[in-house]
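Undergrad: If you're matching positions, the sequence shown starts at 0 in numbering that gives the first Met the number 0 and goes up one per residue.
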Amino acid sequence: MRHLIEKVRKQQPLIHNITNQVVMNFTANGLYAVGAAPVMAHAKEEVEEMAQMASSLVLNIGTLTKEQIDAMILAGKAANQAGVPVVLDPVGVGATTFRTNSAKRILKEVNVTCIRGNAGEIANLAGVETEVRGVDGSSDTDIQQLANLAFKTLQVPLVITGEEDVVIDRDTRVSVSNGHPLLTKVTGTGCLLSAVIAAFLAVSDNVVEAATDALSYYGVAAENAADQQGFPGSFQIAFLDQLSEVDGETVNKKKQLTRSS
Ligand code: ATP
Ligand code: TZP
Ligand code: MG
Ligand code: MG
0 MRHLIEKVRK QQPLIHNITN QVVMNFTANG LYAVGAAPVM AHAKEEVEEM AQMASSLVLN
60 IGTLTKEQID AMILAGKAAN QAGVPVVLDP VGVGATTFRT NSAKRILKEV NVTCIRGNAG
120 EIANLAGVET EVRGVDGSSD TDIQQLANLA FKTLQVPLVI TGEEDVVIDR DTRVSVSNGH
180 PLLTKVTGTG CLLSAVIAAF LAVSDNVVEA ATDALSYYGV AAENAADQQG FPGSFQIAFL
240 DQLSEVDGET VNKKKQLTRS S
């Protein structure tokens, strides 16, 4: 089957990002490399209009403020009305009460298409207390078990990332083992991945298929980049290059997926 990256490149979806100050530039460049078009718009005066004209919306709470969460909820509701997919990246949930409560407030008020976070963030969001050190969190719980448990509580399609990534929806669970440890040495690789998933959701109604193709593409691009550059600084550039370079056929050959239901 043709990989969805080809469709993303053809359709060049516009991705509206309400995201954190650390990763804005990397996310915009990353989305261009993927073949999508980025826009960052945060003001409450314009987010509804922007979300409705976009192909997907990303809500990322990495450097949240009360005003920004209010704007995210306005944007999220507008996206829901317009049928625009919404990805939530619950950065640092579990590290502070404000983060945890804000993510829960978004989930209560907005119909989120998919949540993408590391194991620690997803565990905390689902009520399983786990240490999150700043924005870095893992979980002692087995990732497959965590996926089942978190989906049962949250009832929203989930993408849990780490050495092994898991996508889970009501009756499907897929693991993706592509990727490279250098991704953890560059800030914003999780945040950009959430935006890339949003770009794939813009070209497919099937959330599991969109997220799985986004993960395999992203992971294979990272593997190719790491073959060329072994240090974080040069890896970051090689990774952007590979996001624009790698084709669907190569990803289909190199992808490592395990499906269970
Ligand atoms: P953190 O905040 O802990 O850095 P994150 O939100 O940045 O988490 P990650 O879990 O680091 O997100 O996932 C970002 C990307 O890095 C994903 O594509 C994931 O597959 C990949 N990744 C993370 N850890 C590893 C690893 N040890 N080996 C290979 N790939 C990894
Ligand atoms: N601090 C607040 S947001 C942020 C940091 C370091 C970026 C987190 O990016 P990622 O993709 O979760 O590593
Ligand atoms: Mg990371
Ligand atoms: Mg993150």
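Even for Gly, the Cβ is constructed at its ideal location relative to N, Cα and C. Note that the coordinates shown come from a computational prediction; the quantities given were computed from them, not determined experimentally.
1. In three-state DSSP terms, what is residue 259?
2. Going by other Cβ atoms of all chains shown within 10 Å of its Cβ, with 16 needed for buried, is residue 244 buried or exposed?
3. Less than 6 angstroms between C-beta atoms, sequence neighbours within five positions excluded: which residues of the same chain meet that for residue 216?
4. DSSP three-state label for residue 63, please.
5. Taking the alpha-carbon of residue 83 as reference, which of 63, 49, 221 has the nearest alpha-carbon?
6. Secondary structure at residue 96, three-state DSSP: helix, strand or coil?
7. Indicate the three-state DSSP secondary structure (helix, strand or coil) for residue 88 in the structure shown.
8. If you follow the beta strand (DSSP E) that residue 269 is part of, which residue opens it and which one closes it?
9. Across which residues does DSSP place residue 55 in a beta bridge pair?
10. Measure the Cβ-Cβ separation of residue 39 and residue 52 and say whether it is below 8 angstroms.
11. Does DSSP put residue 115 in a helix, a strand or coil?
12. Measure the alpha-carbon distance for residue 45 versus residue 73 and round it to whole angstroms.
13. Ignoring anything shorter than 3 residues, give me the beta strand (DSSP E) runs that lie fully in the region 175 to 243, in order along the chain.
14. By the DSSP assignment, the alpha helix (DSSP H) with residue 21 in it spans what residues?
15. So for residue 69, helix, strand or coil by DSSP?
16. Could you name the residues whose beta carbon sits closer than 6 angstroms to any heavy atom belonging to ligand 2, keeping them in chain order?
17. Inspect the CB distances between the region 116 to 134 and the region 208 to 224 and report whether three or more fall short of 8 angstroms.
18. Measuring only from the beta carbon, is residue 162 closer than 7 angstroms to any heavy atom that is part of ligand 1?
19. What residue from 101, 56, 78, 21 has the CA that sits closest to residue 195's CA?
20. Across which residues does DSSP place residue 36 in a beta bridge pair?
21. If we count the other Cβ atoms within 10 Å of its Cβ and call it buried at 16 or more, is residue 238 buried or exposed?
22. DSSP beta-bridge partners for residue 142?
TA: Considering the structure as presented:
1. As a position in the sequence shown, residue 259 is number 260, starting the count at 1. Collapsing the DSSP output to three states places residue 259 in a strand.
2. Position 245 of the sequence shown, counting from 1, holds the residue named residue 244. Exposed, since its Cβ has fewer than 16 Cβ neighbours within 10 Å.
3. Taking the first residue of the sequence shown as position 1, residue 216 is located at position 217. Cβ within range, chain order: 4, 250.
4. Residue numbering aside, residue 63 sits at position 64 when the sequence shown is read from its first letter. Note: residue 63 maps to coil in three-state DSSP.
5. Position 84 of the sequence shown holds residue 83. Of 63, 49, 221, the residue nearest in Cα terms is 49.
6. In the sequence shown, the residue the question calls residue 96 occupies position 97. If DSSP states are grouped into helix, strand and coil, residue 96 belongs with the helices.
7. As a working mapping, residue 88 is identified with position 89 in the sequence shown. The answer is strand: DSSP assigns residue 88 an E or B state.
8. Past the edges of the chain, shown from 0 to 260, lies residue 269, and the structure says nothing about it.
9. As a working note, residue 55 is residue 56 in the sequence shown. Paired residues: 14.
10. Position 40 of the sequence shown, counted from the start, is the residue given in the question as residue 39. Position 53 of the sequence shown, counted from the start, is the residue given in the question as residue 52. Contact: no.
11. On the sequence shown, residue 115 is found 116 positions in, with the first residue counted as 1. DSSP places residue 115 in strand when its eight states are reduced to three.
12. On the sequence shown, residue 45 is found 46 positions in, with the first residue counted as 1. On the sequence shown, residue 73 is found 74 positions in, with the first residue counted as 1. Looking at the two C-alpha atoms, the distance is approximately 10 angstroms.
13. If we require 3 residues or more, the region 175 to 243 turns out to have no beta strand (DSSP E) run fully inside it.
14. If you number the sequence shown from 1, residue 21 lands on position 22. Here residue 21 belongs to no alpha helix (DSSP H), and DSSP marks it neither H nor E.
15. For this step, residue 69 is matched to residue 70 along the sequence shown. Of the three classes helix, strand and coil, the one that applies to residue 69 here is helix, per DSSP.
16. In chain order, the qualifying residues are 19, 21, 22, 61, 62, 90, 134, 186, 187, 188, 189, 190.
17. Using a C-beta cut-off of 8 angstroms, the region 116 to 134 makes no contact with the region 208 to 224, since fewer than three inter-stretch Cβ pairs fall below that distance.
18. Residue mapping note: residue 162 aligns to position 163 of the sequence shown, counting from 1. Yes, Cβ of residue 162 sits closer than 7 angstroms to a heavy atom of ligand 1.
19. As a working mapping, residue 195 is identified with position 196 in the sequence shown. With distances taken between Cα atoms, residue 195 lies closest to 56.
20. Indexing the sequence shown from 1 puts residue 36 at position 37. Checking the DSSP bridge columns, you'll see residue 36 partnered with 13.
21. Indexing the sequence shown from 1 puts residue 238 at position 239. Flag for residue 238 reads buried.
22. What you label residue 142 is simply residue 143 of the sequence shown in a count that begins at 1. For residue 142, which the question treats as bridged, DSSP gives no partner whatsoever.
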